[in-house]
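Chemist: Chains as they are written, first to last, in my numbering: chain A, 1 to 95; chain B, 1 to 95; chain C, 1 to 95; chain D, 1 to 95. Here a beta-carbon is modelled for each residue, glycine too, at the ideal position from N, C-alpha and C. Below are the structure tokens for one structure; questions will follow.
4 protein chains.
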Amino acid sequence: MIADFSIFPIGKGESLSGYVAEAYKIIEGSGLPHEHHAMGTSIEGDWDEVMGVIKACRDRLLEMSDRVSISIRIDDRKGRSGELVRKVESAKGKM
Amino acid sequence: MIADFSIFPIGKGESLSGYVAEAYKIIEGSGLPHEHHAMGTSIEGDWDEVMGVIKACRDRLLEMSDRVSISIRIDDRKGRSGELVRKVESAKGKM
Amino acid sequence: MIADFSIFPIGKGESLSGYVAEAYKIIEGSGLPHEHHAMGTSIEGDWDEVMGVIKACRDRLLEMSDRVSISIRIDDRKGRSGELVRKVESAKGKM
Amino acid sequence: MIADFSIFPIGKGESLSGYVAEAYKIIEGSGLPHEHHAMGTSIEGDWDEVMGVIKACRDRLLEMSDRVSISIRIDDRKGRSGELVRKVESAKGKM
């Protein structure tokens, strides 16, 4: 499955990039295939792997703040992997 | 924390209420505080409890279909509970 | 169509209910069918009506802050109305 | 502002790439800065420009199907532009 998520603290000011950097470290340390973009990060793996990464990001941000907002969009397709790259290519191939 | 989520299969036709009913059974069986609304369900509990319910809904829908879409919006506030009811009241009290 | 949305300022502290109250005033002033819940509000209407309400909430919050986060989940079904109430009932009827 | 969105029809089968391709054509025809990724597309512009593109994608998909699901995540920051590229760089610079 792929989960695309964004996470940030509420109540720690308007600049969020330092918090996003903390999440990036955890995501990159996970070894899972991922893609950062302006509005979040997509990660591919099985449910427990992916949700484990998101939980670790949330645990880290709750050490640094008292309130955290998370938005997650999941596409879970049985028996598929390698979709992180293939999905955009597949749509472009049909344009 | 509170997670608000919607879940449905892709590729099983336009009518989704039968699948939503399956999710409702799991949510209600969990015993966690929850509120169904037209566009999803809000559940309150700790991370593992709430994510366990969402995973169980996903597992059930993957038995019935090959592709599942999930959208989750989380508000995680340290040391708070009973927010499912209080949040709307708190905003209304400031109108 | 139904749009479920949440909106809040980033960088104005941890308490958000005063801002949510401002959004509620606009939503309730719109006259569109709506339902507030702990994690957002669902509104029913046509695209321009519903998006007009969300834009008005965003304009109001940008008067009060410099950065606003919005999350929107839309279910747009041709030729349907009255879904705000019917969707939950329909799923409950199939449990 | 930046809006990240995903859009697809419900009830037209499990394969969605042909529909995503239709959305890509509209997005690319808009001339607005954008970035496709596996789980959606981020677009930068002012509210009416960006929402006009999303509405055009929705109108196209409602020509091809009867039910459309849309998920939108917005970061609206006063007086900012060029954020589509800068946001990832800014977080990476703080790792």
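(1) Given a cut-off of 7 Å on the beta-carbon distance, is the pair D:Thr102 and D:Ile54 in contact?
(2) When you compare each of D:His34, D:Ser17, D:Phe5 and D:Arg67 to A:Ser90 by their alpha carbons, which one comes out closest?
(3) One question on the structure: do D:Leu61 and D:Ile43 come within less than 7 Å of each other, judged by their Cβ atoms?
(4) From the DSSP output, in three-state form, read off C:Asp4 for me.
(5) For D:Leu84, which residues in chain C fall below 9 Å Cβ to Cβ?
(6) Scan the segment 1 to 59 of chain D and note each continuous beta strand (DSSP E) run of 3 residues or more that stays entirely inside, going in chain order.
(7) Got a sec, what are the start and stop residues for the alpha helix (DSSP H) B:Arg67 sits in?
(8) Establish whether the CB of B:Arg73 and some CB of chain D are separated by less than 7 Å.
(9) Would a C-beta distance cut-off of 7 Å place B:Ile70 and C:Met39 closer than the cut-off?
(10) CA-CA distance, C:Leu84 and D:Asp4?
(11) Is A:Lys94 helix, strand or coil by DSSP?
(12) Determine the chain A residues that contact C:Gly29 at a beta-carbon separation under 9 Å, and present them in chain order.
(13) Please state whether DSSP places A:Arg86 in a helix, a strand or coil.
(14) Cβ closer than 9 Å: which chain D residues qualify as neighbours of C:Arg60?
(15) Out of D:Ala23, D:Gly52 and D:Ser15, which has the shortest C-alpha to C-alpha gap to A:Met95?
(16) Nearest-angstrom Cα distance between B:Gly82 and B:Asp75?
(17) Have a look at B:Asp66 and D:Ile10 and give me their C-alpha separation to the nearest angstrom.
(18) Listed in chain order, which residues of the segment 40 to 54 of chain D have Cβ atoms closer than 8 Å to some Cβ of chain C?
(19) With 7 Å set as the bound, which would you pick, yes or no: does the beta-carbon of D:Val68 sit closer than that to a beta-carbon of chain A?
(20) Do you know offhand how far D:Gly52's Cα is from C:Arg80's?
(21) Below 7 Å between beta carbons is the criterion; list the residues of the segment 10 to 35 of chain C that meet it against any residue of chain B, in chain order.
(22) Whose Cβ in chain D lies nearer than 7 Å to the Cβ of A:Asp76?
(23) Is B:Ala56 close to chain C, meaning its C-beta is less than 7 Å from at least one C-beta of that chain?
(24) Would D:Ser6 be called buried (16 or more neighbouring beta carbons within 10 Å of its own) or exposed?
(25) Taking 7 Å as the threshold (C-beta atoms), are D:His36 and A:Val50 in contact?
(26) Whose CA, out of B:Trp47, B:Lys78, B:His34 and B:Ser30, lies closest to the CA of B:Ala56?
(27) Please list, in chain order, all residues of the same chain as D:Val68 whose beta carbon is under 8 Å from its beta carbon, the five residues on each side excluded.
(28) Leaving out five residues before and five after C:Ile72 in sequence, what residues of the same chain have Cβ atoms less than 6 Å from its Cβ?
(29) Return no unless some Cβ of chain A is closer than 7 Å to the Cβ of D:Met64.
(30) So C:Ile2 contacts chain B; which residues on that side make the cut at Cβ distance below 8 Å?
(31) Between the C-alpha atoms of C:Gly45 and C:Val20, what's the straight-line distance to the nearest angstrom?
Modeler: On the basis of the coordinates in this document:
(1) Outside the displayed range of chain D (1 to 95) lies residue 102 of chain D, so it cannot be described from this structure.
(2) If we check each option's Cα against that of A:Ser90, D:Ser17 comes out closest.
(3) No.
(4) If DSSP states are grouped into helix, strand and coil, C:Asp4 belongs with the strands.
(5) Neighbours of D:Leu84 on chain C: none; closest Cβ ~16 Å, over 9 Å.
(6) Complete beta strand (DSSP E) runs here, min 3: 2 to 9, 34 to 37 and 40 to 44.
(7) Following the DSSP letters along the chain, one finds B:Arg67 in no alpha helix (DSSP H) but inside the beta strand (DSSP E) bounded by residues Arg67 to Arg77.
(8) Interface criterion not met: the Cβ of B:Arg73 is under 7 Å from no Cβ in chain D.
(9) In this structure, B:Ile70 lies away from C:Met39, with their beta-carbon atoms at least 7 Å apart.
(10) When rounded, the distance between both Cα atoms is 25 Å.
(11) The answer is coil: DSSP assigns A:Lys94 none of H, G, I, E or B.
(12) Residues of chain A passing the Cβ test: none, with the nearest at roughly 26 Å.
(13) Looking at A:Arg86 - three-state DSSP - the assignment turns out to be helix.
(14) Going along chain D, no residue has its Cβ under 9 Å from C:Arg60, so there is no contact; the nearest lies around 12 Å.
(15) Per the C-alpha coordinates, the member of D:Ala23, D:Gly52 and D:Ser15 positioned closest to A:Met95 is D:Ala23.
(16) Straight-line Cα distance between these residues: approximately 13 Å.
(17) C-alpha separation (whole angstroms): 14 Å.
(18) Of all residues in the segment 40 to 54 of chain D, Trp47 and Met51 have a Cβ within less than 8 Å of some Cβ in chain C.
(19) Not an interface residue.
(20) Looking at the two C-alpha atoms, the distance is approximately 22 Å.
(21) Residues passing the 7 Å Cβ filter: Ser17, Gly18, Val20, Ala21, Tyr24, Lys25 and Glu35.
(22) Neighbours of A:Asp76 in chain D, taken as residues whose beta carbon is under 7 Å from its own, are absent, since the nearest beta carbon is some 12 Å off.
(23) With 7 Å as the cut-off, B:Ala56 does not count as an interface residue toward chain C.
(24) Note on D:Ser6: 16 or more other CB atoms within 10 angstroms of its CB, so buried under the neighbour-count rule.
(25) Against a cut-off of 7 Å, the Cβ pair of D:His36 and A:Val50 comes out as no contact.
(26) When only C-alpha atoms are compared, the closest one is B:Ser30.
(27) Only Ile7, Phe8, Pro9, Ile10, Arg58, Leu61 and Leu62 meet the Cβ criterion.
(28) The answer, listed in chain order, is Ala3 and Phe5.
(29) For D:Met64, the answer is no, since every Cβ of chain A falls outside 7 Å of its Cβ.
(30) Simply Ala38 and Met39.
(31) If I take the Cα positions, the gap works out to 21 Å.
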